[in-house]
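Reading through the structure tokens given below for one structure.
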Amino acid sequence: MSLRHAYTLWAPIYDRLVKPAFDDPRPRSLARLQAGEGERVLLPGIGTGLDIPHLPPGPSYVGVDLTPAMLERARQRACEHDCDIELYEGDVRSLPFEDESFDHAVMHLILAVVPEPERALAEVERVLRPGGQVLVFDKFLRPGQRAPLRRLINPLVSRLATRTNLVFEDLLPHAPGLVVEQDEPAAAGGWFRFITLRKQDAQDGAPGTNTAGVPD
52 MSLRHAYTLW APIYDRLVKP AFDDPRPRSL ARLQAGEGER VLLPGIGTGL DIPHLPPGPS
112 YVGVDLTPAM LERARQRACE HDCDIELYEG DVRSLPFEDE SFDHAVMHLI LAVVPEPERA
172 LAEVERVLRP GGQVLVFDKF LRPGQRAPLR RLINPLVSRL ATRTNLVFED LLPHAPGLVV
232 EQDEPAAAGG WFRFITLRKQ DAQDGAPGTN TAGVPD
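With the numbering used here as the guide, the letters of the sequence shown map in order to residues 52 to 267.
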């Protein structure tokens, strides 16, 4: 089943299943956003727009999602909350935007869903201007973490268009310009994490890598 098909089927019940579980972490994640008046903020994989009620006023928001049924619900939510946001149908692995066209990005519950998450993160790096933030909120394993139950159930939950065995650190080599600034537990005993990334300027030549702030 394709991701578009899966989330077309999920759209009518998605909010009832997902919203109650993440009503608390979403605003806590968005409190990290350092976007100023008029700055452009990208929300790839915006889904039904559950982040919309928590978006701080001032920046200019753009949301992208693969599924028209999810986008329609996001449009309704934007109207309900008087949120000025542009919404586009598109694939987060091939964003329809020019290089360095956004100041910040918010990636909530998308990397553990999309096939080839490394491409999605690399695309966000591409469209982000130097100095921009990427706010990640999702479920990840840590490097070397055994978590046998999560690995065992992954084949089952993958049929529901998500995964439980993704290691975030495995994605970072595909987005070498992004550096981890913050990584802390968000929910479910640390399975879900808040991760803040920052895009370096190519000429910075900073000594650190993009792996959790550990120097080379």
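For each residue, glycine too, the CB sits at the ideal point set by N, CA and C.
Remember, predicted model here, so these are calculated numbers, not experimental data.
| Alpha-carbon to alpha-carbon, GLN251 and GLY114 | Against the sequence shown, residue 114 aligns to sequence position 63. Against the sequence shown, residue 251 aligns to sequence position 200. Looking at the two C-alpha atoms, the distance is approximately 23 Å.
To the nearest angstrom, how far is it from the Cα of PRO108 to the Cα of CYS130?
The residue given as residue 108 occupies position 57 in the sequence shown. The residue given as residue 130 occupies position 79 in the sequence shown. Straight-line Cα distance between these residues: approximately 15 Å.
- [ ] Grab the span of the alpha helix (DSSP H) containing ARG128 for me, first residue to last.
- [x] Position 77 of the sequence shown, counting from 1, holds the residue named residue 128. Its alpha helix (DSSP H) spans residues 119-131.
Give the straight-line distance between the Cα atoms of GLU232 and PRO224, rounded to the nearest whole angstrom. Indexing the sequence shown from 1 puts residue 232 at position 181. Indexing the sequence shown from 1 puts residue 224 at position 173. Approximately 16 Å between the Cα atoms of the pair.
Is PRO161 helix, strand or coil by DSSP? Numbered from its first residue, the sequence shown carries residue 161 at position 110. In the sequence as presented, Pro is not what sits at residue 161; that position holds Ile. Reduced to three states, the DSSP call for ILE161 is coil.
Taking the DSSP output, what are the residues bridged to HIS105? On the sequence shown, residue 105 is found 54 positions in, with the first residue counted as 1. BP columns for HIS105 are empty, so no partner.
- Please work out which residues of its chain come closer than 7 Å, Cβ to Cβ, to PRO147, disregarding the five sequence neighbours upstream and downstream, and give them in chain order. Counted from its first residue, the sequence shown places residue 147 at position 96. Only TYR139 and GLY141 meet the Cβ criterion.
Worksheet item: Taking all protein chains shown into account, do 16 or more other C-beta atoms lie within 10 angstroms of the C-beta of GLN184, making it buried, or fewer, making it exposed?
Response: Position 133 of the sequence shown, counting from 1, holds the residue named residue 184. Buried: at least 16 other Cβ atoms inside 10 Å.
Note to self: Let me make sure I understand the geometry here. Which of PRO71, PRO76 and ILE97 has the alpha-carbon closest to that of PHE243?
What the structure shows: Along the sequence shown, read from residue 1 onward, the residue named residue 243 stands at position 192. Closest by alpha carbon: PRO76.
In chain order, what are the residue ranges of uninterrupted beta strand (DSSP E) at least 3 long that sit wholly in the region 76-100? 91-95
TODO: For the alpha helix (DSSP H) holding PRO168, just list the boundary residues, first then last.
DONE: Position 117 of the sequence shown, counting from 1, holds the residue named residue 168. Counting along the chain, the alpha helix (DSSP H) containing PRO168 begins and ends at 168-178.
Review point. Is ALA257 buried or exposed, if buried means 16 or more other CB atoms sit within 10 Å of its CB?
Key: Within the sequence shown, numbered from 1, the residue matching residue 257 stands at position 206. Residue confidence for ALA257 is low, a pLDDT of 49 falling below 50, so the modelled location carries little weight and cannot support an answer.
- By the 10 Å Cβ neighbour count, where 16 or more other Cβ atoms means buried, how is GLU235 classified, buried or exposed? By 1-based counting over the sequence shown, the position of residue 235 is 184. Classification of GLU235: exposed, given that the 10 Å Cβ count is below 16.
* Helix, strand or coil for ALA238, going by three-state DSSP, please let me know. => Counted from its first residue, the sequence shown places residue 238 at position 187. The answer is strand: DSSP assigns ALA238 an E or B state.
Between VAL175, THR247, SER145 and ALA173, which lies nearest to VAL187 when the distance is taken from Cα to Cα?
Looking up residue 187 in the sequence shown gives position 136. Checking every option, the nearest Cα to that of VAL187 belongs to THR247.
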